[in-house]
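Chains B and Y are the protein sequences, given in the same order. Going left to right, the first sequence walks through residues 1 to 61 as the numbering used here numbers them. Going left to right, the second sequence walks through residues 62 to 251 as the numbering used here numbers them. Ideal Cβ placement from N, Cα and C applies to all residues, glycine included.
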Amino acid sequence: MNLYEKITAVYPQLRIIDFNTQGTIELRNDSDGNGDYIARWEHPTLAQPTQEQLDAVEAGS
Amino acid sequence: MSKVAISGNASGTGTFTIQAPNSNTDRVLSLPDEAGTVLTSASDQVAGPAFSAYKSGSSQTLTSGVVTRITYESEDFDTNSCFASSTFTPTVAGYYQLNVLTYGLATSGGIDSLEIRLYKNGGLYQILSKIHSSRTSGDYGDLIASGSTVVYSNGTDSWEVYVRSYAGSNISISAGRFYNNFNGCLVRTA
Numbered sequence: 001m002n003l004y005e006k007i008t009a010v011y012p013q014l015r016i017i018d019f020n021t022q023g024t025i026e027l028r029n030d031s032d033g034n035g036d037y038i039a040r041w042e043h044p045t046l047a048q049p050t051q052e053q054l055d056a057v058e059a060g061s
Numbered sequence: 062m063s064k065v066a067i068s069g070n071a072s073g074t075g076t077f078t079i080q081a082p083n084s085n086t087d088r089v090l091s092l093p094d095e096a097g098t099v100l101t102s103a104s105d106q107v108a109g110p111a112f113s114a115y116k117s118g119s120s121q122t123l124t125s126g127v128v129t130r131i132t133y134e135s136e137d138f139d140t141n142s143c144f145a146s147s148t149f150t151p152t153v154a155g156y157y158q159l160n161v162l163t164y165g166l167a168t169s170g171g172i173d174s175l176e177i178r179l180y181k182n183g184g185l186y187q188i189l190s191k192i193h194s195s196r197t198s199g200d201y202g203d204l205i206a207s208g209s210t211v212v213y214s215n216g217t218d219s220w221e222v223y224v225r226s227y228a229g230s231n232i233s234i235s236a237g238r239f240y241n242n243f244n245g246c247l248v249r250t251a
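In structure tokens form, the structure reads like this:
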């Protein structure tokens, strides 16, 4: 399960436009071996999910 | 009648010699009717950085929706050794043309879009291109995009390429000069 899938599992109301070019959320990977991460979270109503929330999604999948 | 004056410098000790080539032909070198410094083959304007890099070896896998830094493992040329670790650091301040070509392939689920981003010093500087396909679920799909720009850069700025793609599966950024490359050159000095 990738980061995008985990986030949308925590917040099913998010749409692809939220992650798009002018979206409020940006997921990034610097190709440095550290994997995908949330580079920017500026969603007006939803708080950035915690690592615990993301881990719980994976554990429950 | 205008004149030509050659003057020395009171502070220096070096001797500058104007030397003729081994030639039997009479030639005239005309001076421009303007002030300025004469360029030589070693001047930045003439011998400024130019590079061309491409992805080689293995393809790179991107997660759908994740802005991912593209790595370039090989170079066709790198005149001033300014390209390393997939990063262009000009070393000479000036205006640079930068060009990127990116090919993305999704082997299942189709591919929706491919977006090329130029990052300066770790932050988004420009979106060079974004293209879409008419995705049909389950299709094997690919997209190719290119983008160019002219930027001002000081000598220490770092320039990198990031790509974001949306697809029904992971996206493969294929190896090969003809698939994924990043190149650029100095257009003029600052």
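At a cut-off of 8 Å between beta-carbon atoms, B:Ala39 makes contact with chain Y.
Residue pairing by DSSP places Y:Asp139 opposite Y:Phe112 in a beta bridge. Exclusion of the five residues before and after B:Gly35 leaves Asn29 as the residues of its chain whose Cβ lies within less than 7 Å of its Cβ.
The beta carbons of Y:Val222 and Y:Phe239 sit about 16 Å from each other, so the pair does not count as a contact at 8 Å. Taking B:Leu14 as the centre and dropping the five residues before and after it, the same chain places the C-beta of Thr8 closer than 6 Å to its C-beta, in chain order. One finds Ile16, Phe19 and Asn20 in chain B with Cβ atoms closer than 9 Å to the Cβ of Y:Tyr227, taken in chain order. Relative to Y:Gly118, the option among Y:Glu134, Y:Thr76, Y:Ala108 and Y:Thr129 whose CA is nearest is Y:Glu134. In this structure, the beta-carbon distance from Y:Gly202 to Y:Ile177 does not fall below 8 Å.
Within the DSSP bridge table, the entry for Y:Leu123 names Y:Ile232 as partners.
The beta carbon of Y:Ile205 is closer than 6 Å to those of Tyr164 in its chain, skipping five residues each way along the sequence. DSSP places B:Leu54 in the helix class (H, G or I) of the three-state scheme.
Judged by DSSP in its simplified three-state form, B:Tyr4 adopts helix. Secondary structure at Y:Val107: helix, using DSSP grouped into helix, strand and coil. A distance below 6 Å between beta-carbons, with the five flanking residues on each side excluded, links B:Gln53 to the following residues of its chain, in chain order: Val10. Using a CB distance cut-off of 8 Å, Y:Ser125 counts as an interface residue toward chain B. Close CB contacts of Y:Ser125 within its chain, under the 6 Å cut and outside five residues either way in sequence, are with Tyr227 and Ala228 (chain order).
Counting the other CB atoms within 10 Å of its CB gives Y:Ala167 a total of 16 or more, which places it among the buried residues. With 16 or more other Cβ atoms inside 10 Å of its own Cβ, Y:Phe149 counts as buried.
For B:Tyr4, at least one C-beta of chain Y is nearer than 8 Å to its own C-beta.
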